[in-house]
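Engineer: Okay, here's the structure, questions in a sec.
Residue numbers (the numbering used here): 56 to 281.
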């Protein structure tokens, strides 16, 4: 008599095959995900086959943006964090990894229009500090938290979008210009030591239209500043 039941080993093999077939989407985490640039990056990433996680302060707004993306066919989820608070950022990034797996692409592009900007002739030792805490401190925290895992895995992408003053300093943004230019340059030098083409660094500015092309453009960019 022949049995139609498969052996336990066959069942295990089938389960392993099925698991391998359910390949998860690559994951981009956007730190500082607003309704403009952040949402646009998430859409562009989704078109390239990425799932997107959005990190910013307001969970309700994040949920709304994730729903908007979902309506356009992009898998997205929000994780709340205050980018000025290092512990808050690392908790959010840990929550992303725990829920969805390793971060393949980290994109950092916060903006806070409530921060005071002053003319270059009015810069004091104090008024650049809020800008430094957000733009430089936040970037160092986020990149520093995910980079060891990327280096260990031998792959990963870090994207930092900063202001036009990083390339052409704007006098009316004197204190902002102090924080913005050092961010990509410092991290680029550090990443260069990890070996060529393992980690791609795309340096773009808010005034440069090229980021609108999306992740596909960045994925073919070398580690040199643009």
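Virtual Cβ for every residue (Gly too), placed ideally from N, Cα, C.
(1) Below 8 Å CB to CB, which residues in the same chain sit around residue 125 once its five sequence neighbours on both sides are set aside?
(2) Have a look at residue 97 and residue 85 and give me their C-alpha separation to the nearest angstrom.
(3) Could you please give me the residues that DSSP links to residue 143 through a beta bridge?
(4) Using C-beta distances below 6 Å, list every residue in its chain close to residue 92, excluding the 5 sequence neighbours before and after it, in chain order.
(5) Is residue 290 helix, strand or coil by DSSP?
(6) Going by C-alpha to C-alpha distance, which of 155, 122, 109 and 149 sits closest to residue 88?
(7) Extract the residue ranges of the alpha helix (DSSP H) inside the stretch 126-209, only unbroken runs of 4 or more that lie entirely within it.
(8) Taking residue 198 as the reference, give the member of 180, 225, 170 and 141 with the closest Cα.
(9) CB-CB under 7 Å to residue 129, same chain, minus the five flanking residues each way: which ones, in chain order?
(10) For residue 117, does the three-state DSSP call read helix, strand or coil?
(11) Using the C-alpha atoms, what's the distance from residue 154 back to residue 121?
(12) Once DSSP output is grouped into helix, strand and coil, what is the label at residue 90?
(13) Between the Cα of residue 161 and the Cα atoms of 185, 171 and 145, which residue gives the shortest distance?
(14) From what residue to what residue does the beta strand (DSSP E) around residue 109 run?
(15) With the cut-off set at 9 Å, would you say residue 139 and residue 188 are in Cβ contact?
(16) Can you tell which of 134, 174, 207 and 80 has the C-alpha that lies nearest to the C-alpha of residue 103?
Structural biologist: Quick look at the numbers:
(1) Only 131 meet the Cβ criterion.
(2) 8 Å
(3) Under DSSP, residue 143 takes part in no beta bridge, so it has no partner.
(4) 164
(5) As displayed, the chain neither begins before 56 nor continues past 281, which places residue 290 out of reach and without an answer.
(6) 109
(7) 141-155 and 193-208
(8) Ranked by how close their Cα comes to the Cα of residue 198, the residues 180, 225, 170 and 141 have 141 in first place.
(9) 97, 98, 101 and 107
(10) helix
(11) 15 Å
(12) coil
(13) 145
(14) 106-111
(15) The answer is yes: Cβ separation under 9 Å.
(16) 80
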